[in-house]
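Numbering of the sequence shown is given in the numbering used here, commencing with residue 218 and proceeding in unit increments. Glycine is no exception: its CB is placed at the ideal position from the N, C-alpha and C atoms. Small disclaimer: the values here were computed from a predicted structure and weren't measured.
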Amino acid sequence: MSKLFYFVLPFLFTGLTFAELNLDRLCPSDVNEVKSVLDALEPLIRERDEKHSLASLTFSELYTPLDENQKKFLKQFETLDANSLSVKIPYLGIAEGSEELIVITGQKIKINGQTQILPPQFLPKEANESCTQMMDAMQKEIGKRLYLESGYRSSAYQLYLFVFYLKNHDYSIRETVKYVALPGYSEHGCPDGRRLISSTRTALTAMAVLNSLRHFLNLPG
């Protein structure tokens, strides 16, 4: 009896050891673990959403509601190898959630004839300055402006979104990464917002660099 106890005891304190994730489709136990992680995070995500502060979520805040096994499991997604997933987007760096952000509010749009106000959006200070210059150039020369519908988000929030949207792609990591960027690869969280535009002298220039701004304008990333 004592020998049996001796061999069993280590397993009681080491926690679960997760097998390598199946990139083509998560196994049933991993699917259940994804659901467990999302359930544990739901109160935090709901609270931050109500406070319009999801964009600045940090990794520390993201991991806090999770138990040790859930943390280890989620960490596997944070450290996925982009090369093994054939990710073509260059590594852009981790957005910590502590960057100086400008809040964009009061944007009114019409959908089916009804006026709606877009939720608050966030831009790094440098990106906001470049965006404002571009908008002003467009307004002056062609009388049009763009609306900011999807701005900055931290890499921690990007990680949450990646795991959240796995269910939309049959829990396939390979499929999900085609539509949702990995942390550090999303242009929504590019720490250097100055990549947006280098000149706003004319509306033609502004339109030419619009692709550089696309990560702040509705990009599913």
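Beta-carbon spacing of residue i, residue j below 9 Å
i, j, result
"residue 334", "residue 400", "no"
"residue 302", "residue 390", "yes"
"residue 378", "residue 340", "no"
"residue 291", "residue 279", "yes"
"residue 402", "residue 314", "no"
"residue 347", "residue 318", "no"
"residue 251", "residue 394", "no"
Candidates the options, of which the one nearest residue i by Cα
i, options, result
"residue 383", "396, 338, 371 and 374", "396"
"residue 217", "345, 268, 357 and 300", "With the chain represented from 218 up to 438, any question about residue 217 goes unanswered, as that position is not in the structure."
"residue 249", "402, 392 and 388", "388"
"residue 337", "264, 368 and 289", "368"
"residue 287", "354, 254 and 245", "254"
"residue 240", "269, 289 and 293", "293"
"residue 385", "342, 362 and 242", "242"
Rounded straight-line distance, which links the Cα of residue j to that of residue i
i, j, result
"residue 370", "residue 406", "5 Å"
"residue 349", "residue 376", "29 Å"
"residue 307", "residue 398", "11 Å"
"residue 324", "residue 352", "13 Å"
"residue 256", "residue 282", "10 Å"
"residue 328", "residue 285", "45 Å"
"residue 330", "residue 354", "28 Å"
"residue 309", "residue 372", "11 Å"
Coarse secondary structure for residue i, derived from DSSP in three states
i, result
"residue 184", "The shown model of the chain, from 218 to 438, leaves out residue 184, and the question about it has no answer."
"residue 258", "helix"
"residue 341", "strand"
"residue 412", "Reliability of the predicted coordinates at residue 412 is poor, the pLDDT of 45 falling under 50, and the value obtained from them is presented with this limitation in mind. DSSP places residue 412 in helix when its eight states are reduced to three."
"residue 305", "coil"
"residue 332", "strand"
"residue 325", "strand"
"residue 397", "coil"
"residue 318", "strand"
"residue 347", "helix"
"residue 386", "helix"
"residue 269", "coil"
"residue 369", "coil"
"residue 362", "coil"
"residue 247", "helix"
"residue 402", "coil"
"residue 237", "coil"
Paired residues, beta bridge with residue i - DSSP
i, result
"residue 294", "Answer is none; residue 294 lacks a bridge partner."
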